[in-house]
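Taken in order, the sequence shown gives residues 1 to 169; the numbers are from UniProt numbering.
Backbone N, C-alpha and C fix where the C-beta goes; we use that ideal spot for every residue, glycine too.
The structure displayed is predicted, hence computed values, not measured ones.
Single-structure report; data block below.
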Amino acid sequence: PVIDSTKEVLDEIETSADYRYDAQMLTLAVAKWRCLTDPVAGEFPTWEAWVTAMQVGSALFTAGTAVEGSVPCRIGSMGEVKHLPATGPQDYLHAGNWLTAFYLAAICRENDRADQLAHVPVPFLRASGAEFDEYIYAWVETLQNAWFGRRETWDTLVTAVDGTDPEIT
């Protein structure tokens, strides 16, 4: 059922805000599900599922930060291009989903996608309306600073680590 649901979501991702909301969660669920039967991720369907989850995550943020119109995004191993509408901040474009998208881009060695994600401003993530502890935003800034080789990396890392102290939160 999860694979069929994900296929439906990807088929309608261009036109349905509800499906864009579900897309990252469902594609990630399929990738994890594939690992149940392929724990070493050695089979093509498992690889394809992880790549699709990565592509969806980065596509949603690309569309979210676009100024207007639609954004062509490659989603799927067959090179299919989906045209996602520019959306601005959305409730699913929050720091948690940004972290997942960034991790997947890094793991899949998709430097262009990781770079695009690293350009997403933290205020944009806050505009989603989702509430996270401040250390999450500091961690996002740390990853962005590290990606760009900024000196502030260490300061934001210390802020993120200090923010995990239960006495502070």
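Residue nearest to residue i in terms of C-alpha spacing, selected from the options
i	options	result
P121	P1, T156, S70 and V140	V140
T156	Y137, D165, F148 and P166	Y137
R74	V56, V67 and G88	V56
T100	V40, T37 and A23	A23
F132	R151, L104 and W98	W98
T50	E12, E110, D115 and D165	With the sequence shown as reference, residue 50 is identified as Trp, and Thr is not the correct amino acid for it. The shortest Cα separation from W50 among E12, E110, D115 and D165 belongs to E110.
S77	E48, E43 and A95	E48
Terminal residues of the alpha helix (DSSP H) in which residue i lies
i	result
P45	F44 to T65
L104	A95 to I107
V122	V122 to R126
M116	It is worth fixing the name first, because residue 116 is Gln in this sequence and not Met. Q116 -> alpha helix (DSSP H) spans N111 to A118.
D22	A17 to T37
Assigned secondary structure, residue i (DSSP; H/G/I helix, E/B strand, else coil)
i	result
residue 195	No answer is possible for residue 195: the residues shown for the chain start at 1 and end at 169.
V81	strand
R151	coil
V2	helix
T87	coil
A130	coil
Y137	helix
T159	helix
C-alpha distance - residue i paired with residue j, whole-angstrom precision
i	j	result
R113	I107	11 Å
E134	A160	8 Å
W154	K82	38 Å
L28	R126	23 Å
T37	T46	9 Å
E167	W147	30 Å
K7	R151	43 Å
Proximity below 8 Å, CB of residue i to CB of residue j
i	j	result
V30	V71	no
T65	F124	yes
L143	Y92	no
A63	A86	yes
L26	S58	no
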